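Trainee: Listed in order, the protein sequences are those of chains A and B. The opening residue of the first sequence carries number 0 in numbering that gives the first Met the number 0; numbering runs sequentially from there. The opening residue of the second sequence carries number 0 in numbering that gives the first Met the number 0; numbering runs sequentially from there.
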Amino acid sequence: MTSRPQKILFAGLLLAVLLALAWDLVPLPDAQSRVARFATDGLGFSSREMPLNETEKSIYGAAQVLKRIYRVGRENYVVVIIDGARNRHAVHDPAYCFRGAGWTVAAERPLTLPAGAGKILSLHKGTETREAVFWFSNGCERQAQVARCWWQMAWRRLTFGASSPAPVLVLVQPLDGDHPAWERLPAQLPGLFEF
Amino acid sequence: MKTGKPLPLVELAVLVFAAWQSLDLSVAWRHSPHDRFGWLALLAWLTPLALRLTDRPRVPLAANPWLLGSAILAGLLGQLTEVHFFGHVALVLAVAAWVKISWRLLPWLLSAVAWMPVFGWWLAGFSGWTVFALRVLLALTGVFFLRPKFKIRTEP
Numbered sequence: 000m001t002s003r004p005q006k007i008l009f010a011g012l013l014l015a016v017l018l019a020l021a022w023d024l025v026p027l028p029d030a031q032s033r034v035a036r037f038a039t040d041g042l043g044f045s046s047r048e049m050p051l052n053e054t055e056k057s058i059y060g061a062a063q064v065l066k067r068i069y070r071v072g073r074e075n076y077v078v079v080i081i082d083g084a085r086n087r088h089a090v091h092d093p094a095y096c097f098r099g100a101g102w103t104v105a106a107e108r109p110l111t112l113p114a115g116a117g118k119i120l121s122l123h124k125g126t127e128t129r130e131a132v133f134w135f136s137n138g139c140e141r142q143a144q145v146a147r148c149w150w151q152m153a154w155r156r157l158t159f160g161a162s163s164p165a166p167v168l169v170l171v172q173p174l175d176g177d178h179p180a181w182e183r184l185p186a187q188l189p190g191l192f193e194f
Numbered sequence: 000m001k002t003g004k005p006l007p008l009v010e011l012a013v014l015v016f017a018a019w020q021s022l023d024l025s026v027a028w029r030h031s032p033h034d035r036f037g038w039l040a041l042l043a044w045l046t047p048l049a050l051r052l053t054d055r056p057r058v059p060l061a062a063n064p065w066l067l068g069s070a071i072l073a074g075l076l077g078q079l080t081e082v083h084f085f086g087h088v089a090l091v092l093a094v095a096a097w098v099k100i101s102w103r104l105l106p107w108l109l110s111a112v113a114w115m116p117v118f119g120w121w122l123a124g125f126s127g128w129t130v131f132a133l134r135v136l137l138a139l140t141g142v143f144f145l146r147p148k149f150k151i152r153t154e155p
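(1) Considering only C-alpha positions, which residue in the set B:VAL94, B:GLY119, B:SER126, B:LEU136 is nearest to LEU14 (chain B)?
(2) Please confirm if GLY41 (chain A) has its CB atom under 8 Å from at least one CB of chain B.
(3) Note the first and the last residue of the continuous alpha helix (DSSP H) segment covering HIS123 (chain A).
(4) Three-state secondary structure (DSSP) at LEU170 (chain A)?
(5) Just verifying my parser: in three-state terms, what is the DSSP assignment at GLU107 (chain A)?
(6) Nearest-angstrom Cα distance between ALA61 (chain B) and SER21 (chain B)?
(7) With which residues is TYR76 (chain A) paired in a DSSP beta bridge?
(8) Does any residue of chain D bring its CB to less than 8 Å from the CB of LEU18 (chain A)?
(9) Helix, strand or coil: which one does DSSP assign to GLN63 (chain A)?
(10) Are there 16 or more other CB atoms within 10 angstroms of the CB of ASP40 (chain A), so buried, or fewer, so exposed?
(11) Quick one: does TYR76 (chain A) have its CB under 8 Å from some CB of chain B?
(12) Quick check on PHE9 (chain A) - is its C-beta less than 8 Å from some C-beta in chain B?
(13) Only counting the same chain, and skipping five residues up and downstream in sequence, which positions put a Cβ closer than 6 Å to that of ALA96 (chain B)?
(14) Checking contacts by CB at 8 Å: is PRO4 (chain A) closer than that to chain B?
(15) Can you say whether LEU13 (chain A) is buried or exposed, counting buried as having 16 or more other CB atoms within 10 angstroms of its CB?
(16) Could you give the DSSP three-state label for ALA140 (chain A): helix, strand or coil?
(17) Compare the beta carbon distance of ILE68 (chain A) and LEU174 (chain A) with 8 Å and say whether it is the shorter of the two.
(18) In chain order, which continuous runs of the alpha helix (DSSP H) of length 4 or greater are located wholly inside the segment 7 to 69 of chain A?
(19) In whole angstroms, what separates the C-alpha of THR2 (chain B) from that of HIS123 (chain A)?
(20) State the DSSP-derived secondary structure class of ALA131 (chain A), mapped to helix, strand or coil.
(21) Could you work out which residues of chain B lie near GLY99 (chain A), taking near to mean beta carbons separated by less than 7 Å?
(22) Using a C-beta cutoff of 8 Å, does THR129 (chain B) count as contacting chain A?
(23) Roughly how many angstroms lie between the CA atoms of ASP34 (chain B) and PHE85 (chain B), to the nearest whole one?
(24) DSSP on VAL98 (chain B), reduced to helix/strand/coil?
(25) Are the beta-carbon atoms of VAL98 (chain B) and ARG152 (chain B) separated by less than 8 Å?
(26) Out of A:ALA143, A:SER45, A:GLY83, point me to the one whose CA is closest to ARG108 (chain A)'s CA.
(27) Please look up how many angstroms separate the CB atoms of LEU168 (chain A) and PHE135 (chain A), rounded, as I've assumed it's under 8 Å.
(28) Using a 10 Å radius around the Cβ and a threshold of 16 neighbouring Cβ atoms, would you call PHE156 (chain B) buried or exposed?
(29) Answer yes or no: does any C-beta atom of chain A fall closer than 8 Å to that of PRO59 (chain B)?
(30) Per DSSP, what kind of secondary structure is LEU184 (chain A) in: helix, strand or coil?
(31) Chain A beta carbons: is any one of them nearer than 8 Å to that of PHE144 (chain B)?
(32) Going along the chain, which unbroken runs of the beta strand (DSSP E) with 3 or more residues stay wholly within the segment 3 to 91 of chain B?
(33) Which chain B residues are close to ILE58 (chain A), counting only those with a beta carbon under 9 Å from its beta carbon?
(34) Would you please verify whether the beta carbon of VAL100 (chain B) is less than 8 Å from any beta carbon of chain A?
(35) Mind listing which residues of the segment 108 to 135 of chain B have their C-beta closer than 8 Å to chain A's C-betas, in chain order?
(36) Please identify the residue among B:ARG103, B:SER69, B:PHE125 whose C-alpha is closest to the C-alpha of HIS87 (chain B).
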């Protein structure tokens, strides 16, 4: 290491490595206190926990994931809530995952929700059809733009969480492959919109 | 490898740092159907550089400090924001730093997206195998532009 550019590079590299290591030591505030508000049972609904399978565990890693089946009247919903404060990459684009699992996204349409909007995915694989709805929530607003969520999370990481509360991904699917009236979801499961 | 001078350790350390920031690639290539075999696109993309290194004249290697500095910044940004794409950009810059700047470099640099997971995300509407074919095609196109007359950077 003799030349001036080499010395500057070395100093920059050392600083970058130290910063990179130090950044990982600062945990981000998570959304668990908000997600805990989502009741397991209440007036007109009940639920049971669903354990994650091995693939899901490896994909989600350190992220905190809630997976429950909610029974509302005669309908059963699988609800997955992913808090990516400990593993940002677990908060993903559900459409990408469905495609990876062999589903084709035939159509996407918005779903009006309290304080924002979600997105309904119409999926098919062979003769099988299915629908799912998802949104990202930071407790104040709901939206379904993946890139926007990623940039919010990146900015949040950069500011140690000061820029906004932790966003979570909420994914809801009917258990039996029905096509439910999604517009009724806020009335059926109001707890989904309290975090 | 007889160079007559010691290897440029600082420059190589930057390359290692950039590779560290791109470790997620192995996870994507193993688990994501749209990124499967992306490593083949990386190999294709690196081929001209590897071939040139094996038949280069025995003179000391040198790297562009500006590109290496940019690689450090991109890698750090990727780490601080947890956006893997910046780490991949860091790797591209850290590798490109060893090639002499010329107009041939630009299409080759751009074609690096062929081995990145962001490529699979953009083309998620296509099947995994179609995305793989497009990855290899794009990487080879970049190689086609770079291959004929590019030069490895050496000390003056």
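No residue lacks a Cβ here, since even glycine has one placed at the ideal position from N, Cα and C. If you're wondering where the values come from, they're calculated on a predicted model, not measured in any experiment.
Mentor: For this structure:
(1) B:VAL94
(2) no
(3) Counting along the chain, HIS123 (chain A) falls outside any alpha helix (DSSP H), though it belongs to the beta strand (DSSP E) covering 115 to 124.
(4) strand
(5) strand
(6) 23 Å
(7) A:TYR69, A:PRO173
(8) Looking at the structure shown, chain D is missing, and the protein chains on hand are A and B.
(9) strand
(10) exposed
(11) no
(12) yes
(13) ALA62, ASN63, LEU66, LEU67
(14) yes
(15) exposed
(16) Just to set this straight, residue 140 (chain A) is Glu in the shown sequence, not Ala. DSSP places GLU140 (chain A) in coil when its eight states are reduced to three.
(17) yes
(18) 31 to 34, 53 to 59
(19) Residue placement at THR2 (chain B) cannot be trusted, given a pLDDT of 46 that sits under 50; what the coordinates show is reported in the next sentence. Spanning the two alpha carbons is a distance of roughly 59 Å.
(20) strand
(21) SER31, PRO32, HIS33
(22) no
(23) 17 Å
(24) strand
(25) yes
(26) A:ALA143
(27) 6 Å
(28) Residue 156 (chain B) cannot be examined here, being either before or after the span of chain B that is shown, 0 to 155.
(29) no
(30) helix
(31) no
(32) none
(33) HIS30
(34) Per the sequence shown, the amino acid found at residue 100 (chain B) is Ile instead of Val. Not one chain A Cβ lies under 8 Å of ILE100 (chain B).
(35) TRP120, ALA123, GLY124, GLY127
(36) B:SER69
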